[in-house]
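The number in the working numbering is simply the position in the sequence shown, starting from 1, with 41 added.
Beta carbons are placed, not taken as given, at the ideal position from N, Cα and C, and that holds for glycine.
Okay, structure first, notes after.
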Amino acid sequence: MDTLTVANYKGKLESIYAGALFLYLYVPKNVARACLEQQSLAPIPERLRLRAGGQLAIVRDPFDQITANEIVETYNRYGCSNATREDVEFFMAVPHTSEFNAPHDDRRVKIRRAVFGRFDIAVIGPALYH
42 MDTLTVANYK GKLESIYAGA LFLYLYVPKN VARACLEQQS LAPIPERLRL RAGGQLAIVR
102 DPFDQITANE IVETYNRYGC SNATREDVEF FMAVPHTSEF NAPHDDRRVK IRRAVFGRFD
162 IAVIGPALYH
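Structure, rendered in structure tokens:
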């Protein structure tokens, strides 16, 4: 992989909030692995993207007494009506950047309306639901 610099990066630069906790994207295992290997959000399937072209991130971590059904219901509430339990078997921890914003009525999620390209994926793993 080429070294990313300001000179060769073609997208919008995002700032990572200092001291911010990670946000979590819930995806199938094969998608999480592809995103990690590519350091990109591009492998995320259309069915797990918001209708208006955004990415949904969950504030609650995968070990925080959360259930797969809660994650699926959250995806459904934001327009990803084809999301299933199998779609949320893995998580990706990503930095909370300036492009993630909370909808005015729900602080449990953040929405990123930016291209599904290069992005720092810190870690992936199986979601340990209750």
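What would DSSP say about I152, mapped onto helix, strand or coil?
Locating residue 152 in the sequence shown gives position 111, where the first residue counts as 1. Residue state, collapsed to three classes: strand.
Could you tell me the distance, in whole angstroms, from the CA atom of P69 to the CA atom of A59?
Counting from 1 along the sequence shown, the entry for residue 69 is found at position 28. Counting from 1 along the sequence shown, the entry for residue 59 is found at position 18. The alpha-carbon atoms of P69 and A59 are separated by roughly 29 Å.
Delimiting residues of the alpha helix (DSSP H) encompassing V113
The residue labelled residue 113 in the question sits at position 72 within the sequence shown. First-last of the alpha helix (DSSP H) with V113: 109 to 118.
Closest to I99 by C-alpha separation, out of G120, I85, M133, would be which residue?
Sequence index remark: in the sequence shown, residue 99 carries index 58 (1-based). For I99, the nearest C-alpha among the options comes from M133.
Between the segment 70 to 79 and the segment 119 to 136, do three or more beta carbon pairs fall short of 8 Å?
yes
To which residues of the same chain is G95 closer than 7 Å at the C-beta, ignoring the five residues directly before and after it?
Taking the sequence shown and counting its residues from 1, one reaches residue 95 at position 54. Within the same chain, G95 has close Cβ partners I152, R153, R154.
Give me the residue from E127, L97, E78 with the minimum Cα distance to Y119.
Within the sequence shown, residue 119 is the residue found at index 78, counting from 1. Measuring from the Cα of Y119, the nearest candidate turns out to be L97.
What does the alpha-carbon distance come out to for the pair D102 and V164?
For the purposes of this step, residue 102 is identified with residue 61 of the sequence shown, where counting begins at 1. For the purposes of this step, residue 164 is identified with residue 123 of the sequence shown, where counting begins at 1. Using only the alpha carbons, I get a separation of about 12 Å.
For S81, the nearest candidate out of A168, R149, P136 (CA to CA):
Locating residue 81 in the sequence shown gives position 40, where the first residue counts as 1. The candidate whose alpha carbon is nearest that of S81 is P136.
What separation, rounded to the nearest whole angstrom, lies between the Cα atoms of R90 and Q106?
One-based indexing of the sequence shown puts residue 90 at position 49. One-based indexing of the sequence shown puts residue 106 at position 65. When rounded, the distance between both Cα atoms is 24 Å.
Smallest Cα separation from D128: which of A143, P144, H171, A109?
Looking up residue 128 in the sequence shown gives position 87. Nearest of A143, P144, H171, A109 to D128, Cα basis: A109.
Going by the DSSP bridge assignment, what does Y65 pair with across the sheet?
On the sequence shown, position 24 is the one that residue 65 refers to. For Y65, which the question treats as bridged, DSSP gives the partners I99, A134.
The alpha helix (DSSP H) spanning V72 covers which residue range?
Residue 72 sits at position 31 when you count from the first residue of the sequence shown. It spans 70 to 79 - the alpha helix (DSSP H) in which V72 sits, taken as one unbroken run.
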